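Here the protein sequences come in this chain order: A and B. What the first sequence shows, in our numbering, is residues 1 to 108, in sequence order. What the second sequence shows, in our numbering, is residues 1001 to 1270, in sequence order. Glycine residues also receive a C-beta, built at the ideal position from the N, C-alpha and C atoms. What you are looking at is a predicted structure, and each value in this text was computed from that prediction instead of being measured. Each remark here refers to the structure printed beneath this line.
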Amino acid sequence: MNSETNAVKPLALRREGEGLRIEWSDGASTHATWRQLRKNCPCATCNEERSKPADPFRVLSAQEAAAGPPSPTAMKPLGHYAYQITWNDGHDTGIYPVELLRSLSESK
Amino acid sequence: MSGPMPGQKISLPGVKHVIAVASGKGGVGKSTVAANLSLALRAAGQRVGLMDADIYGPSVPLMFGLGLVDQTKVPFPIEKYGINLMSMGFLVDPAQAIIWRGPKVAQAVGTFLVQVPWGDLDFLIIDLPPGTGDAQLTLSQQAPLTGAIVVTQPAEVSLIDARKGVSMFQEVRVPILGIIENMSYLETPSGRVSPFGSGGGRKLAGEIGVPLLGEIPIEPLVSTCGDSGEPIVRKHPDHPVSMAYAKLAQTVIDETAKQPDSGGLPTVQL
């Protein structure tokens, strides 16, 4: 069958400390912090925000201010390729392909 | 109709394999392939459903000799020739255009999958519309697709769009079971003629490292049978084209049996 079938897959994912522990089909075990995942949200809005110079006067919304450090309230699998994370600040448009989760994670 | 929420994973517990028949380009014969493949799988003893995901241009009603259906009298899916069918063409008059924006199309496709009681099936074949838009994305994200079959003509103009279809499935990690080259050649008294060139399907299959599942010849009878509501596999099961579909059905049965896991990704323990 084609190479996609053999692509590395997550076998188990769980909250560990302030981040996400992923066990992979190639035997790797990686950890990504929620902060790192939230900061690299791949949605169009966040991509655009990242492309702009940082605004030193940006005022946090009430929900963002109340949320505290980033933490997911839900993380749903989408088909064979990605997870959609709903964050505690209400943001939920980021769809994280498996490859992105792997690249944002560190082996440890 | 109310469909699944965006991002909601659809589960079809009674369906063993969900197969999308796709192509980047329109007019290459996806619906003809999907209808005849469904009938060939049925003839091979499989329980089969065919879902027409082409919301703007449904073809399944015509090919199965059906039209508008009164939902209050006949429950969905509609059964014809032993196949469970669902199509937008059962709900809207063929002369009426469906002028919808993308999200509505995605919702309709999700509704067909979730709300239609498909029952216990070995194969649910999904006839996708051309392109890489809302219907395709909804299915890729929400349906438990076992794999996709990409239909192309041999001509380069078809291959360029078929590659886009392939690339979409690779992006969303749906395995490609193989390529079908439709309208491959024409048998004439003076020999075989290839009006659209030859070897395109084989070339594409080679590029992406998947099998070429079949080369289906041009045969006027295929179109006549489809238009008259009884696809060739059903009407002329001994015709060489029908035999090609029977071989294709067996290949699909064998290839899907090799798929290790048709389930999606594991859930996250938060």
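query                                                                                                                                                                                                : result
Is there a C-beta anywhere in chain A that falls below 8 Å from the one on Thr1251 (chain B)?                                                                                                        : no
Identify, in the order they occur along the chain, each residue of the same chain with its Cβ nearer than 7 Å to the Cβ of Arg63 (chain A), setting aside the five sequence neighbours on each side. : The question names Arg, but residue 63 (chain A) is Gln in the sequence shown. Excluding sequence neighbours, Gln63 (chain A) sits near Asp89, Gly90.
So, with DSSP's three-state summary, where would you put Phe1123 (chain B)?                                                                                                                          : strand
Are the C-beta of Ala44 (chain A) and some C-beta of chain B separated by less than 8 Å?                                                                                                             : no
Could you check what DSSP says for Ile1253 (chain B) in three-state terms: helix, strand or coil?                                                                                                    : helix
Since Gly1209 (chain B) contacts Leu1159 (chain B) with CB under 8 Å, what's their CB separation in whole angstroms?                                                                                 : Rounded, the Cβ-Cβ distance is 16 Å, inconsistent with contact.
Please report how far the alpha carbon of Pro42 (chain A) lies from the alpha carbon of Gly1264 (chain B), in whole angstroms.                                                                       : 21 Å
Interface residues of chain A around Pro1266 (chain B) at Cβ under 8 Å?                                                                                                                              : Pro10, Leu11, Ala12, Leu13, Pro77
I want to verify the contact list: residues of chain B whose CB lies under 7 Å from the CB of Pro72 (chain A), in sequence order.                                                                    : Leu1270
Roughly how many angstroms separate the alpha carbons of Leu1212 (chain B) and Val1252 (chain B), rounded to a whole number?                                                                         : 11 Å
Can you pull the chain B neighbours of His80 (chain A), defined as C-beta to C-beta under 7 Å?                                                                                                       : Val1172, Arg1173, Val1174, Gly1264, Leu1265
At a CB-CB cut-off below 9 Å, which residues of chain A make contact with Gln1107 (chain B)?                                                                                                         : Within chain A, no residue comes near Gln1107 (chain B); the closest Cβ sits about 17 Å away, beyond 9 Å.
Could you tell me how far apart the beta carbons of Val1193 (chain B) and Tyr1185 (chain B) are, in whole angstroms, since I believe they sit closer than 8 Å?                                       : 6 Å
Taking the beta carbon of Phe1090 (chain B) as the centre, do at least 16 other beta carbons fall within 10 Å, making it buried, or is it exposed?                                                   : buried
Under the three-state reduction of DSSP, which class applies to Val1060 (chain B): helix, strand or coil?                                                                                            : helix
Which ranges does the alpha helix (DSSP H) cover as unbroken runs of at least 4 residues, wholly within the region 1124-1181 of chain B, from first to last along the chain?                         : 1134-1142, 1156-1171
Is the shortest distance between the beta-carbon of Ala28 (chain A) and the beta-carbons of chain B less than 8 Å?                                                                                   : no
Are the region 1034-1041 of chain B and the region 1097-1114 of chain B touching, with three or more C-beta to C-beta distances below 8 Å?                                                           : no
Compute the Euclidean distance between the alpha carbons of His31 (chain A) and Leu11 (chain A), then round it to the nearest angstrom.                                                              : 14 Å
Could you check what DSSP says for Trp87 (chain A) in three-state terms: helix, strand or coil?                                                                                                      : strand
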